[in-house]
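> Input: one structure, supplied below.
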Amino acid sequence: MADCCLPHRLDRDGDSGPAVGVSGMSLKIWFIATRPWSFVMTFVSVSLAAVLALKYDSFNAPLYLLTLAGLILFHAATNMLNDYYDVKNTVDRVGAPTARYRPHPLLTGTIGGRDFLIVTVMLYGLVILIVSYFTLIRGPLILLLTALGLFASVFYTASPVAFKYKALGEPVVFLVWGPLMVSGSYYTITGIFSIEAMLASIPIGILVLLVLLANNIRDIEYDRLVVKATIAILLGAKRSLTLYAALLAVTYASTIVLVILHVFSVYSLAALFTVPIAAGLVRRFSVKVPDTADPETARLALLFGLLLLAGELISISLGFWGA
2 MADCCLPHRL DRDGDSGPAV GVSGMSLKIW FIATRPWSFV MTFVSVSLAA
52 VLALKYDSFN APLYLLTLAG LILFHAATNM LNDYYDVKNT VDRVGAPTAR
102 YRPHPLLTGT IGGRDFLIVT VMLYGLVILI VSYFTLIRGP LILLLTALGL
152 FASVFYTASP VAFKYKALGE PVVFLVWGPL MVSGSYYTIT GIFSIEAMLA
202 SIPIGILVLL VLLANNIRDI EYDRLVVKAT IAILLGAKRS LTLYAALLAV
252 TYASTIVLVI LHVFSVYSLA ALFTVPIAAG LVRRFSVKVP DTADPETARL
302 ALLFGLLLLA GELISISLGF WGA
């Protein structure tokens with residue numbers, strides 16, 4: 002999926018010390034291969050579910066932490082499988098924008114394809130172990146939620162579906178990091194399926210979508226060369242930027258609506274302090290889309306999410322103290 006923060010760089014020698022992983026690779030290289038900078042959005046989605054659970058006196062800290070661990074492993078596996086198929090399908094190649102913007106151990110040959118795939122499968126295996134536990138304590142609905150998540154994860158780039166290459170990447174990212182992840186996390190933490198959690202996920206889901214859209218607007222010319230259909234290619238750069246701005250507006254409007262509907266407290270409007278940042282991104286992107294378009298959008302999404310969570314925690318704290 003799209004990167005969600007400024008990428009870190011590998012050391013010149015690609016090593017970090019004596020810790021060694023599969024095929025003699027350092028654990029640092031394997032960690033970088035998972036794109037850990039992107040995990041912040043999973044943290045925000047799962048933590049939103051946790052805050053909603055806390056709001057209704059249903060919070061369970063161990064289950065929250067286990068849910069967070071499972072979904073970060075899921076995110077890591079998804080990122081690695083995405084890279085595997087992008088390289089296999091020559092979408093990622095030498096000279097590709099991806100090779101310039103972030104470390105890519107598979108593309109550079111630092112990690113071999115077979116080992117890369119083995120570790121990816123191992124990560125999915127760890128996810129299944131955690132899912133098995135949640136199925137025991139929460140029931141078969143967990144299996145359905147997992148099946149939906151795994152389908153989106155695997156077929157994001159794998160044939161015959163390959164959502165990413167058919168201009169469906171953004172909708173899939175919205176559904177996974179929005180309604181599916183937030184409502185699914187709420188269910189694993191509380192044992193209750195909540196429409197409110199699905200509604201609460203809308204602003205966060207849109208912002209994660211926008212990280213990918215910014216990435217695809219920036220890479221539009223390269224993506225045309227590798228015959229990859231994206232929303233940016235279908236709409237063109239100008240209309241894609243209009244869509245970007247419109248979805249930012251929907252993010253803030255939906256937050257206000259959710260306050261009116263009492264899904265969020267009035268304190269969650271603290272997230273609106275990010276409006277000037279969003280407006281600044283739209284103005285700058287309209288002049289020239291920078292290389293940092295997606296990490297800048299990701300920083301906006303992270304700040305919005307943290308302010309939203311902080312606002313809800315303030316509301317819960319005031320309620321606890323009878324304010």
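Note that the numbering used here has the sequence shown beginning at 2, numbered continuously upward. Glycine included, C-beta positions come from ideal geometry on N, C-alpha and C. The model shown is predicted, which means the values in this text are computed figures rather than measured ones.
Determine the closest residue to ILE33 out of VAL47, THR109 and LEU66, with distance taken between C-alpha atoms.
THR109
> Okay, do the stretch 205 to 224 and the stretch 186 to 196 touch, 3+ Cβ pairs below 8 angstroms being the bar?
no
> Is there a Cβ of chain B sitting closer than 9 angstroms to that of LEU55, yes or no?
Here there is only one protein chain, and chain B is not present.
> Could you pull the DSSP bridge partners for ALA230 from this structure?
LYS167
> Alpha carbon to alpha carbon, how far is ASP292 from ARG219? Give it in angstroms, no decimals.
7 angstroms
> Note the first and the last residue of the continuous alpha helix (DSSP H) segment covering VAL260.
238 to 261
> DSSP state of SER59, grouped into three classes?
coil
> On a CA-only basis, which of MET42, TYR65 and THR43 is nearest VAL52? Give me that one, please.
TYR65
> Please list, in chain order, all residues of the same chain as LEU200 whose beta carbon is under 7 angstroms from its beta carbon, the five residues on each side excluded.
LEU259 and VAL264
> If distances are taken between C-alpha atoms only, which option among ASN217, MET182 and THR158 comes closest to GLY206?
MET182
> Mind checking which residues open and close the alpha helix (DSSP H) that includes THR189?
182 to 191
> Restricting to runs no shorter than 4 residues, where is the alpha helix (DSSP H) found entirely within the stretch 28 to 107?
28 to 34, 40 to 56, 62 to 89 and 98 to 102
> Pick out whichever of TRP38, ALA159 and ARG115 has its Cα sitting closest to the Cα of TYR102.
Ranking the options by Cα distance to TYR102, first place goes to TRP38.
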